[in-house]
Amino acid sequence: MTDILTIKNLSYKRNLTNILNQLNCSLPTGSIVGLLGENGAGKTTLMRLISGAANHYRGEIKVSSETSPSDRKQLVSFSHQVDDVNRSDRLEKIAHFYEAVYPDFSTNKFQRLSEFLNLDLSRHLNDLSKGNQMKFIIAITLSRQVKLYLLDEPFDGIDSMSRKKIIASILQWKPEDATILISDHHVDDIANILDGILIVKDKRIIVSKNADKIREDYGQSIEDFFESFYKGEDQND
Amino acid sequence: MKFDDKVPIYYQIKQYIYREIIIEHLKPGQQIPAVRQLAVTLTVNVNTIQRALSELIDEDVLVSKRGKGNFVTEDTEVLKNLKKRTVEEQVSNLYDNLTALRISPDKMLTYLENYINSRKEANHD
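Here the protein sequences come in this chain order: A and B.
Counting in numbering that gives the first Met the number 0, the first sequence runs from 0 upward without gaps.
Counting in numbering that gives the first Met the number 0, the second sequence runs from 0 upward without gaps.
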């Protein structure tokens, strides 16, 4: 399998503090991968760097064959791209905005996804419940026709019905050759839909493994395997 | 479907399909649902389903017809072996567990017989 993303020796500083240091990883084409790590480990920062939203890093980030941030922006659909819209707008107006800004946006796919997720497009984004806001963010992010999707904490603080619906929409609507990276600090929610996991810790990727291989080799759930990297740390804090 | 989160998912999907075939929810020659539909129904990754199905095809339990999909085999020999293998696995687990408790084979039979009788009585009530 070819890789849609390869990162070599990525280092990134903010306010003179190292956030990521000499990080290496890759993502195979057509997979769903969980990006795991504690809050503050740098998951969102890594996604911002991949998507081309953050700059001034050292090392190489390659999506398909593109390495420059502006080229990568065209190839990656990132859930935080919704942060650029006006939240008091109606959902349909935001969709028009996406259509104008992203040539790869499929209005048809967006409408079918919204219907699947029972979204009322005449509502204003900031009037929706947290679960419905996240459904909308997922719908609009997956409606760009790209090879790499980055979903940052899509299940954080939302009810289990919304979560199930979002997971179903990911399985139903992911193009076969597209790759989805999902960050989460509570992997139990999504363990069954993952091909593999990346664990961010100590400013780098310390684990990159296939999910069924973890179950097979360690006889552990993905959650337990993930947590085993944090054992004994509480005392040191 | 509920999965054991410590056991590879592809393996559990294979076991699930074996069961469906043995109890004839999936009949010989019947087409099985498309990969993506199975993924959504079972809430697992498409690649995981793909892996389970391709192993079932390698085992001749499923037959892949180009452009048409995957079908349960109509080969009675394969189906007979599948049932035999699945039942034997359960019996072997039971045997190992009882042996670990130092139960002799003769005693096992007695325990099993008594248990079956008590279940029969329970069902009559």
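Idealized CB from N, CA, C, for every residue including glycine.
**Request:** Scan the segment 60-71 of chain B for residues whose Cβ lies nearer than 9 Å to a Cβ of chain A and list them as they occur along the chain.
**Result:** none
**Item:** Other residues of its chain near D187/A: CB distance less than 7 Å, five sequence neighbours each side excluded
**Value:** E222
**Prompt:** Residues in the segment 33-60 of chain A with C-beta within 8 Å of chain B's C-beta atoms, listed in sequence order?
**Reply:** none
**Asked** Of all the beta strand (DSSP E) runs that stay within the bounds of the segment 28-71 of chain B, which reach a length of 3 or more residues?
**Response** 61-64, 68-71
**Request:** State the beta-bridge partners of K12/A as determined by DSSP.
**Result:** N17/A
**Request:** Look at the Cβ atom of E114/A, then the Cβ atom of T106/A, and state whether they are nearer than 8 Å.
**Result:** no
**Prompt:** R111/A CB to nearest chain B CB: under 8 Å?
**Reply:** no
**Request:** Could you work out which residues of chain A lie near I20/B, taking near to mean beta carbons separated by less than 8 Å?
**Result:** The premise fails here: I20/B is roughly 22 Å from chain A at the closest Cβ pair, so nothing lies under 8 Å.
**Message:** On a Cα-Cα basis, can you pick out the residue from L19/A, N20/A, L26/A, I18/A that is closest to I196/A?
**Reply:** L26/A
**Item:** Rounded C-alpha distance that separates N83/B from S168/A
**Value:** The sequence shown places Lys at residue 83/B, not Asn. Each residue's alpha carbon lies about 39 Å from the other.
**Asked** So, does the CB of A51/B fall closer than 8 Å to a CB anywhere in chain A?
**Response** no
**Asked** Could you check where the alpha helix (DSSP H) with I213/A kicks off and where it finishes?
**Response** 210-217
**Request:** Whole angstroms is fine: what's the gap from N235/A's alpha carbon to K5/B's?
**Result:** Confidence at N235/A is low in this model, with a pLDDT of 47, below 50, so its placement is unreliable and no value can be given for it.
**Request:** Take every Cβ of the segment 77-91 of chain A, pair it with every Cβ of the segment 48-61 of chain A, and state whether three or more of those distances are shorter than 8 Å.
**Result:** yes
**Asked** Nearest chain A C-beta to A38/B closer than 8 Å, yes or no?
**Response** yes
**Asked** When DSSP builds the beta bridges, which residues end up paired with K7/A?
**Response** E59/A
**Asked** For the candidate residues I48/B, R18/B, P32/B, whose alpha-carbon lies nearest to that of E88/B?
**Response** R18/B
**Asked** Mapping DSSP to helix, strand and coil, what is V84/A?
**Response** coil
**Prompt:** Any Cβ of chain B within less than 8 Å of the Cβ of Q234/A?
**Reply:** Low confidence applies here, because Q234/A scores a pLDDT of 49, under 50, leaving its location unreliable; read the following figure in that light. No, because no Cβ of chain B sits closer than 8 Å to the Cβ of Q234/A.
**Item:** Strand pairing of F77/A, partner residues [DSSP]
**Value:** L149/A
**Message:** Determine whether the beta carbon atoms of V62/A and I18/A lie at a separation below 8 Å.
**Reply:** no
**Request:** Please name the residue, chosen from R214/A, D201/A, S220/A, that lies closest to K42/A on a Cα-to-Cα basis.
**Result:** D201/A
**Asked** K79/B lies in the alpha helix (DSSP H); which residues open and close that run?
**Response** 75-99
**Request:** In angstroms with no decimal places, state the Cα-to-Cα distance between E120/B and I181/A.
**Result:** 53 Å
**Request:** Look at L9/A and I60/A and say whether their C-beta atoms are less than 8 Å apart.
**Result:** yes
**N- and C-terminal bounds of the alpha helix (DSSP H) containing G41/A** = Where G41/A is concerned, there is no enclosing alpha helix (DSSP H), given that its DSSP letter is neither H nor E.
**Request:** Compute the Euclidean distance between the alpha carbons of N64/B and Q30/B, then round it to the nearest angstrom.
**Result:** Here residue 64/B turns out to be Lys, not Asn, going by the sequence shown. Cα-Cα distance, rounded: 10 Å.
**Asked** In chain order, what residues of the same chain lie with their CB nearer than 6 Å to the CB of K1/B, ignoring the 5 residues before and after it?
**Response** none
**Request:** Please compile the residues from chain B whose C-beta is within a distance smaller than 8 Å of the C-beta of Q171/A.
**Result:** R35, V39
**Asked** Looking at chain A, which residues of the segment 1-15 of chain B have a Cβ within less than 7 Å of any of its Cβ atoms?
**Response** F2, D4, K5, V6, P7, I8, Y9
**Request:** Quick one: measure Cβ to Cβ for D211/A and I8/B, integer angstroms, because I've assumed they're closer than 8 Å.
**Result:** 6 Å
**Asked** Taking all protein chains shown into account, do 16 or more other C-beta atoms lie within 10 angstroms of the C-beta of N191/A, making it buried, or fewer, making it exposed?
**Response** buried
**Prompt:** Are the Cβ atoms of I157/A and K129/A separated by less than 8 Å?
**Reply:** yes
**Request:** Using the Cα positions of Y111/A and L93/B, report the straight-line distance between them to the nearest angstrom.
**Result:** Here residue 111/A turns out to be Arg, not Tyr, going by the sequence shown. So the alpha carbons of these two residues sit roughly 50 Å apart.
**Request:** Identify each residue in the segment 191-207 of chain A for which the Cβ-Cβ distance to at least one residue of chain B is less than 9 Å, and report them in chain order.
**Result:** N191, I192, L193, D194
**Request:** Classify D236/A as helix, strand or coil using the three-state DSSP reduction.
**Result:** Bear in mind that a pLDDT of 44 at D236/A, under 50, signals an unreliable position, so the number given afterwards is only what the model happens to contain. Coil, per DSSP.
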